[in-house]
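**Q**
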Amino acid sequence: MTDTSDQTTHFGYETIREDEKAGRVQGVFSSVANKYDIMNDVMSVGIHRVWKDAMMDWLAPRPGQRLLDVAGGTGDISFRFLKRAGHGHATVLDLTEPMLVEGRKRAEAAQMSSSLDWAVGDAMALPFDANSFDVYTISFGIRNVTRPQDALREAYRVLKPGGRLMVLEFSQLPNPMMQAAYDAYSFNVIPRMGQMIAGDRDSYQYLVESIRKFPDQDSFLGMIREAGFGNAKYRNLSMGIAALHSGWKL
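Residues in the sequence shown are numbered from 5 upward in steps of one, following my numbering.
#1: Taking DSSP's pairing of strands, which residues face Asp222 in a bridge?
#2: Excluding the five sequence neighbours on either side, which residues of its own chain have a C-beta within less than 6 Å of the C-beta of Gly198, listed in chain order?
#3: Taking only three categories from DSSP, how would you classify Leu211?
#4: Let me make sure I understand the geometry here. Which of Ser242, Leu63, Met170, Glu18 has the alpha-carbon closest to that of Arg229?
#5: Whole angstroms are fine: how far does the CA of Ser118 sit from the CA of Gln221?
#6: DSSP has Ser118 in a bridge; who is on the other side?
#7: Helix, strand or coil, according to DSSP, for Gly244 in the structure here?
#8: Whether or not the stretch 231 to 250 and the stretch 41 to 60 are in contact is what I'm after, with contact meaning three or more pairs of Cβ atoms, one per stretch, closer than 8 Å; do they touch?
#9: Would a C-beta distance cut-off of 8 Å place Phe137 and Leu72 closer than the cut-off?
#10: Compare the Cα-Cα distances from Tyr160 to each of Phe132, Gly145, Leu172, Trp122 and report the closest residue.
#11: Which same chain residues, not among the five before or five after Asn235, have their C-beta less than 6 Å away from its C-beta?
#12: Kindly indicate which three-state DSSP category Val162 falls into: helix, strand or coil?
#13: Go to Ser190, then tell me how far its alpha helix (DSSP H) extends in each direction, as first and last residue.
#14: Specify the secondary structure class of Lys217 as computed by DSSP and reduced to three states.
#15: How big is the Cα-Cα spacing for Ala89 and Phe174?
#16: In terms of residue numbering, what span does the alpha helix (DSSP H) encompassing Val108 cover?
#17: Compare the C-alpha of Leu177 against each of Ala231, Pro219, Pro65 and name the closest.
#18: For the alpha helix (DSSP H) containing Ala89, list its first residue and its last residue.
See the structure below:
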């Protein structure tokens, strides 16, 4: 087990001890759980729905597949996956129980409870056997993990041979002027909207900062390959505001 007592990581632009990050992230998402879908609309100007549909298009779910949706929160990806697959099973894992509570409410309303399991757990130490799932997804969650490389190794472990990894995450625009304009929007508008909509400026400030601290597309692609995945590729969405990364356990 890794000793995190004297190792540091980032929480947005703040440097903290590694063993503090999970609790800090839990605090953010507990605070915004009942506003999470609105939060995604704010962060992406509503385009996150198009990005998630693009994720499903590339993923092409098949009937009977078993999905593990990590940092799955309110179940948005799992619902899309099950609808596309026709029938199958999804396990939603999240570090923050209030997020799962919101997801269960949505599942009951959509009459999808029988196809879903909900689990509180850590992406870096998944409570599942090796070779258990056909597909692993994580959407707007891996940048909040203390050690993303450990999460990718765990993804590889729990996937069956031939299994698919897909990551949707905010990323970097390749054009510096466009990136500067997007940063100006992110840092000046999003925290204020967070205060107005959810009464929580600090959580939104962290979320904006966490996007800027996350590796760019090619660097993250290298991390996926380092974890053992083959045929690893990425696609930019909205010119790189977000990106989809895909890999296979070959």
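Just so you know, even glycine gets a beta-carbon here, dropped at the ideal spot from N, CA and C. Bear in mind the structure is a predicted one, so any value in this text is a computation, not a measurement.
**A** This is what the structure gives:
#1: The partner list for Asp222 (beta bridge, DSSP) is empty, contrary to what the question assumes.
#2: For Gly198, where only same-chain residues beyond five positions count, the Cβ hits under 6 Å are Asp204, Arg205, Tyr208.
#3: Annotated three-state conformation of Leu211 is helix, per DSSP.
#4: When only C-alpha atoms are compared, the closest one is Met170.
#5: Answer to the nearest angstrom: the Cα atoms are 36 Å apart.
#6: Paired residues: none, contrary to the question.
#7: The answer is helix: DSSP assigns Gly244 an H, G or I state.
#8: Yes: the two stretches touch, three or more of their Cβ pairs being nearer than 8 Å.
#9: Yes.
#10: Ranking Phe132, Gly145, Leu172, Trp122 by Cα distance to Tyr160 puts Phe132 first.
#11: Excluding sequence positions up to five before and after Asn235, its CB lies within less than 6 Å of the CB of Trp252, all in the same chain and listed in chain order.
#12: In the structure shown, Val162 sits in a helix (DSSP, three-state: H, G or I).
#13: Ser190 -> alpha helix (DSSP H) spans 180 to 202.
#14: Correct three-state label for Lys217: helix.
#15: Straight-line Cα distance between these residues: approximately 26 Å.
#16: Note that residue 108 corresponds to Arg in the displayed sequence, not to Val. For Arg108, the enclosing alpha helix (DSSP H) starts and ends at 101 to 113.
#17: Nearest of Ala231, Pro219, Pro65 to Leu177, Cα basis: Pro219.
#18: Its alpha helix (DSSP H) spans residues 80 to 89.
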